[in-house]
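Chains A and C are the protein sequences, given in the same order.
When you line the first sequence up against the numbering used here, it's residues 215 to 402, in that order.
When you line the second sequence up against the numbering used here, it's residues 215 to 402, in that order.
Where a beta carbon is used, it is the ideal one built from N, C-alpha and C, also for glycine.
The structure presented is a predicted model; accordingly, all values stated were derived computationally and were not measured.
See structure below.
Protein chains: 2
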Amino acid sequence: MARSNHSRFVILGFLADQPRSGYDIRKVVEASLGNFWNESFGQIYPALKDLEAEGLVRKAEGPQAGRAQRQAYVITGPGREALEKWVRTPAGPHAYRVETLVKVFFAPLVGPREARAHVARFRAEHGALLEKYRTIGAHLDQDCTGQPGLPYWKLTVACGLAVGNAYLEWCDEAEAVLARLEAGGTHA
Amino acid sequence: MARSNHSRFVILGFLADQPRSGYDIRKVVEASLGNFWNESFGQIYPALKDLEAEGLVRKAEGPQAGRAQRQAYVITGPGREALEKWVRTPAGPHAYRVETLVKVFFAPLVGPREARAHVARFRAEHGALLEKYRTIGAHLDQDCTGQPGLPYWKLTVACGLAVGNAYLEWCDEAEAVLARLEAGGTHA
DNA sequence: CCACTCATGTAAAAAGTTACATGATTCG
DNA sequence: CGAATCATGTAACTTTTTACATGAGTGG
């Protein structure tokens, strides 16, 4: 089964919006796809080279805006076609690994106290994430008014909020269950 | 930063419960950690060899229950120690990649109709997942009554349910937004 | 001038998936 | 006996992370 190589298309996606350098792409991925996707330089720079070799992007000519070493890339016609094709393609199954849940699963080995610590950290993490999503949402409303992408982008933020809230509610439930176990139970 | 090599510990975790073969481990991971973790044979068999070389597990002796070729492994004292240490160690940041959200993010390129298709598939996927979690929850209640791990295991299922429901609710919201866009909007 | 950020890139390692090869056992 | 399942394992490949090396420009 041919692999889908998502990184390439994420890069193309941001070049479709405007010319950007590898460094720019990294930043914009972090700021917008944020916590449901990320790309490291180790992926971006080689991918840009490959994309150029295949004619899906080309180097922006002339003096670059900003710093001297900066090299922006521009998407090409075939690049746009490849991108749109990928966007239309059904997503693969949603695989996710949640280390915290695995540790809660095995927590009978170490007792409810340790499990509660995991839950507490998980709560802090997702609390912070929710804050971040709220900030992103506010920025979107301010900076992107009128842009056709806005409703789509807000939906992705809404998903982060919905799931983040679900995690926090689960933390409440877990905390209650584990506190009762710790109070009442005899454990190793 | 030394990597944590989670697979090893998941394997140890299931050997702590009872002796199992690589094949067994694969099955039990799928059945219990299910959709928030998975291990493939390509990870399990090499990992078992390594664990044995390090003295964290050993081969079960004598004729194996079940088939002839079956080779079960048993966790050792040091293995148990290493496992408990890992279970106590704080989980790393919760990284997750949601391909569907990336495609929704870039969907302005292809219009609301395509975005709705992504949402519909996402809904079907998570609907099925919720069913699975309910089944697992029911099995837990039936088969694991009285086992000390039960409340912990139920918590992991509860988390799957909470998040799955959040995804479904988001699908409703997304569907509504996109339907409005498709009806009213002029798009490329 | 020094520290910091901007910027590009490579090399190596780690992690994970997939496909394949092999053979035993069970069930119809 | 043939098909399906049980069972183990390897090799190749893809993907991703991490660490490192390098150097230019900016601000104090």
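### Query
Residues in the stretch 351-376 of chain C with C-beta within 7 Å of chain A's C-beta atoms, listed in sequence order?
PRO362, GLY363, PRO365, TYR366, TRP367, LEU369, THR370, ALA372, CYS373 and ALA376
### Task
Look at the alpha carbon of A/TYR310 and the alpha carbon of A/GLY269, and state the distance between them as a whole number of angstroms.
Here residue 310 of chain A is taken as the residue at index 96 of the first sequence, counted from 1. Here residue 269 of chain A is taken as the residue at index 55 of the first sequence, counted from 1. C-alpha separation (whole angstroms): 33 Å.
### Query
Cβ atoms of C/VAL243 and C/VAL271: under 8 Å apart, would you say?
On the second sequence, residue 271 of chain C is found 57 positions in, with the first residue counted as 1. On the second sequence, residue 243 of chain C is found 29 positions in, with the first residue counted as 1. Not closer than 8 Å, so no.
### Query
Going along chain A, which residues have a C-beta under 7 Å from C/VAL391?
The residue given as residue 391 of chain C occupies position 177 in the second sequence. Neighbours of C/VAL391 on chain A, chain order: PRO365 and LEU369.
### Query
In chain order, what residues of the same chain lie with their CB nearer than 7 Å to the CB of C/GLY378, ignoring the 5 residues before and after it?
The residue labelled residue 378 of chain C in the question sits at position 164 within the second sequence. Excluding positions up to five away in sequence, the list reads HIS340, LEU343, LEU344 and TYR347.
### Query
Taking Cβ-Cβ distances shorter than 8 Å, what residues in chain A pair up with C/ALA380?
Within the second sequence, numbered from 1, the residue matching residue 380 of chain C stands at position 166. Ordered by position in chain A, the residues that pass the 8 Å Cβ test against C/ALA380 are ALA376, VAL377, ASN379 and ALA380.
#### Entry: Assumed close pair A/CYS373, C/TRP384 - CB separation to whole angstroms, cut-off 8 Å
The residue labelled residue 373 of chain A in the question sits at position 159 within the first sequence. The residue labelled residue 384 of chain C in the question sits at position 170 within the second sequence. Sure, about 5 Å apart at Cβ, within 8 Å.
### Query
Looking at the structure shown, is A/ALA309 part of a helix, part of a strand, or coil, going by DSSP?
Stepping through the first sequence from its first residue, residue 309 of chain A is reached at position 95. Coil, per DSSP.
### Task
Inspect the beta-carbon positions of A/VAL324 and C/LEU369 and report whether they are closer than 8 Å.
By 1-based counting over the first sequence, the position of residue 324 of chain A is 110. By 1-based counting over the second sequence, the position of residue 369 of chain C is 155. It is not a contact, given that the beta carbons lie outside the stated cut-off.
### Query
A/GLY293 to C/HIS332, Cα distance in whole Å?
Within the first sequence, the letter at position 79 stands for residue 293 of chain A. Within the second sequence, the letter at position 118 stands for residue 332 of chain C. Those two C-alpha atoms are separated by around 22 Å.
### Contacts of C/GLY256 in chain A (Cβ-Cβ under 9 Å)
For this step, residue 256 of chain C is matched to residue 42 along the second sequence. Chain A residues near C/GLY256: none, gap ~15 Å exceeds 9 Å.
### Query
Okay, do the stretch 380-397 of chain A and the stretch 233-251 of chain C touch, 3+ Cβ pairs below 8 Å being the bar?
no
### Query
Mapping DSSP to helix, strand and coil, what is C/ARG284?
Working through the second sequence from its first residue, we reach residue 284 of chain C at position 70. Coil.
#### Entry: 7 Å Cβ shell around A/ASP386 - same chain, five flanking residues per side excluded
Sequence index remark: in the first sequence, residue 386 of chain A carries index 172 (1-based). Result list for A/ASP386: empty, nothing under 7 Å.
### Message
In whole angstroms, give me the CA-to-CA distance for C/LYS273 and A/VAL316.
### Response
Taking the second sequence and counting its residues from 1, the one referred to as residue 273 of chain C is at position 59. Taking the first sequence and counting its residues from 1, the one referred to as residue 316 of chain A is at position 102. Cα to Cα, the separation comes out at about 25 Å.
### Query
Between the Cα of A/ARG337 and the Cα atoms of A/GLU275, A/ALA388 and A/PHE228, which residue gives the shortest distance?
By one-based count along the first sequence, residue 337 of chain A stands at place 123. Checking every option, the nearest Cα to that of A/ARG337 belongs to A/ALA388.
### Query
Given that C/TYR310 touches chain A, what residues does it touch there, using C-beta distances under 7 Å?
Mapped onto the second sequence, residue 310 of chain C falls at position 96. Chain A residues near C/TYR310: PHE250 and TYR310.
### Query
With DSSP run on the structure shown, which of helix, strand or coil describes C/VAL324?
Mapped onto the second sequence, residue 324 of chain C falls at position 110. Coil at C/VAL324, not helix or strand.
### Task
Name, please, each residue of chain C whose Cβ falls closer than 8 Å to the Cβ of A/GLU383.
The sequence position of residue 383 of chain A within the first sequence is 169, counting from 1. Those within 8 Å of A/GLU383 in chain C are ALA376.
### Task
Rounded to whole angstroms, what's the CA-CA distance from A/ALA402 to C/VAL224? Just pull it up for me.
For this step, residue 402 of chain A is matched to residue 188 along the first sequence. For this step, residue 224 of chain C is matched to residue 10 along the second sequence. With a pLDDT of only 48 at A/ALA402, under the threshold of 50, the placement of this residue in the model should not be trusted; the figure read from the coordinates follows. Cα to Cα, the separation comes out at about 21 Å.
### Query
Do you know offhand how far A/PHE228's Cα is from A/LYS263's?
Residue mapping note: residue 228 of chain A aligns to position 14 of the first sequence, counting from 1. Residue mapping note: residue 263 of chain A aligns to position 49 of the first sequence, counting from 1. Going by the C-alpha atoms only, they are around 16 Å apart.
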